[in-house]
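Numbering (my numbering), first residue to last: 13 to 585. Remarks on the structure that follows.
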Ligand code: WT7
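Rendered as structure tokens:
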């Protein structure tokens, strides 16, 4: 356990110069003073993140969105964003959509995605961002569970929305389509935006009123709707300053898609809350494209993920050399960073990569390495000022240093989820050991209070940093007539952290072939989502099951890894 390298603090000035000192004097009330609702009592994150820069701070001409892809470049200023989001809020209001209604976003990364997101929130509605790669069933499940009334989408994505199958869904607002292609219930985004007024007073709320609903996977059941409120702005602002260390002259790029929590908190709202542009790069990943993006905007603070760093490292040290980069702080999230990647970044950028651990449910960064503190390579350091972390046992008792247990956070920080949509029982499961929020991850704390991540303690899979529930993939596989049973696990992979591996038993009358394997992969890819499709499929005569008939994924996993299988007392024969 105790064999690691220590990297000295990053040079330069930081928003937090000394962790212990900062924690001593920290109060959330002081952070709240940064917001105008602290004195006016009028709460809406869209005001704090957008309108305020125009109305109170004279920053209307500053860029709020810097979008580019291979074909075009678009800059949206804070004044434009204020006007465009007001228009979209008016569009929704005119359709009779009210405070608290769910309006979904199913749009690839684009200025329109961010404008409509801002408009939904400004109108007091609950935004439901959907990852652009979701296919029919994934989209339908989320719209149905949330009883969404409207969705904003594009001509290219709209065929994956089956409006007839979602009774609550009344309006489909389509970006970039010809009038003649629109069904009677479809609305042209361009048309209604052109007609709408750019005046709209944000719908004033309380800080506990909901802002967005993001579905995430657990080890069982369908994805759950994690509900966040406007109060998350306090956590976003604080972590933009403390873990992302964003300062006045920084240029910040978070590479995450706005369909996931990192994108919502750090590609969209976090930058706006500190008066910065969000940089959005459309199109596919390539090392050259990303280095060009870093160079083009002069990015100084960069937030990305281990899989992306590993893919960049695989392009070779030489690939970086032709670019003039200004990076000074790099952060990472989603899965463990391996020491090789940290060493690669030190070598090619002369900058450390800082771990930031958090979850859809926690809303904002929770346990992070900070630029002012040494890094014990492999550790996540300590919780953000204002949050207490502990390692607890299965009864909720706090464990002493050097013992593995449940990574837990004392509940109540701003940004913590408010609800699991229509599922209080599920919500309560996280808080069974009051006052602890139990994350589902395992970790230990060393004698110095540094936290060392050890992996999930459930069957949730992290593949390329994305969270996939095995149950969803298994359910999809057994929909195929050739599959009688399926068990899905994460199999360790050098680049992606894990890949999805499915074990299946065939239905009577079917025989295994390469073609069937390919067909099954495609079946999941086109039915659910590309990132959820198994990369490997193995056929078994039958799968290990409990006596009550549940497939034992941990047995499949142990067998795959060549590890001891453990207690088999509940196994069927
Ligand atoms: C799970 C939550 C990608 C967006 C943020 C994650 C894992 C998160 C780290 C980290 C090791 C990490 C955990 C966590 N995770 N950050 N720095 N090191 N693992 O949100 O998709 O809800 O996933 O991601 O297992 O529980 P998410």
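Where is the CB? At the ideal position from N, CA and C, for every residue including glycine.
Nonlocal neighbours in the same chain, by C-beta distance under 6 Å from residue i, ignoring five residues either side
i	result
residue 93	62, 76
residue 501	513, 565, 568, 569
residue 138	114, 222, 225
residue 498	486, 489, 490, 514, 516
residue 104	135
residue 334	none
residue 253	27
residue 356	325
residue 341	257, 313, 383
8 Å contact criterion, which residue i and residue j should meet: CB distance rounded
i	j	result
residue 311	residue 339	7 Å
residue 249	residue 46	6 Å
residue 431	residue 234	Wrong, their Cβ atoms sit about 16 Å apart, outside the cutoff.
residue 438	residue 236	6 Å
residue 368	residue 344	7 Å
residue 293	residue 305	5 Å
residue 134	residue 101	4 Å
residue 385	residue 31	5 Å
residue 117	residue 140	7 Å
residue 291	residue 272	Not confirmed; about 17 Å, so no contact.
residue 475	residue 511	6 Å
residue 186	residue 201	6 Å
residue 242	residue 55	6 Å
residue 593	residue 257	A question about residue 593 goes unanswered here, because the residues of the chain that appear run from 13 up to 585.
Helix, strand or coil at residue i [DSSP, three-state]
i	result
residue 335	coil
residue 30	coil
residue 249	helix
residue 186	strand
residue 426	coil
residue 527	helix
residue 554	coil
residue 431	strand
residue 449	strand
residue 544	helix
residue 437	helix
residue 18	strand
residue 377	coil
residue 518	strand
residue 417	strand
residue 345	coil
residue 394	strand
residue 539	helix
residue 410	strand
residue 534	helix
residue 388	strand
residue 562	coil
residue 402	strand
residue 25	coil
Minimum Cβ-Cβ distance from residue i to chain B less than 7 Å
i	result
residue 437	Going by chain labels, chain B is absent from the structure shown, which holds only one protein chain.
Other residues of its chain near residue i: CB distance less than 8 Å, five sequence neighbours each side excluded
i	result
residue 161	109, 113, 114, 115, 180, 181, 182, 183
residue 469	418, 452, 453, 454
residue 554	497, 517
residue 506	322
residue 407	445
residue 144	118, 119, 120, 121, 169, 269, 271
residue 66	72, 90, 91, 94
residue 149	488, 539, 540
Cutoff 7 Å; reference residue i; Cβ partners in own chain excluding five residues on either side
i	result
residue 381	366, 367, 387, 392, 393
residue 255	343, 368, 377, 380, 382, 396
residue 411	403, 404, 405, 417
residue 40	246, 398, 426
residue 327	299
residue 159	114, 180
residue 584	557, 558, 559
residue 97	58, 62, 127, 130, 131, 134
Whole runs of the beta strand (DSSP E) within the region 251–322, excluding any shorter than 3 residues
Counting whole runs of 3 or more residues, the region 251–322 contains the beta strand (DSSP E) stretches 264–266, 290–293, 313–316.
What ranges does the beta strand (DSSP E) occupy inside the region 349–374, keeping only unbroken runs of at least 3 residues that lie completely in it?
Correct list: 365–369.
Continuous alpha helix (DSSP H) assignments of at least 4 residues falling wholly in the region 33–116:
The qualifying runs are 40–44, 49–52, 64–67, 90–106.
What ranges does the alpha helix (DSSP H) occupy inside the region 197–244, keeping only unbroken runs of at least 4 residues that lie completely in it?
Qualifying alpha helix (DSSP H) stretches, in chain order: 201–207.
Can you check the region 454–501 for any alpha helix (DSSP H) of at least 4 residues that lies completely inside it and give the ranges in chain order?
Listed in chain order, they are 482–491.
May I have a chain-ordered list of the beta strand (DSSP E) segments no shorter than 3 residues that lie completely inside the region 105–179?
For the region 105–179, whole beta strand (DSSP E) runs of length 3 or above, ordered along the chain, are 114–118, 138–141, 162–166.
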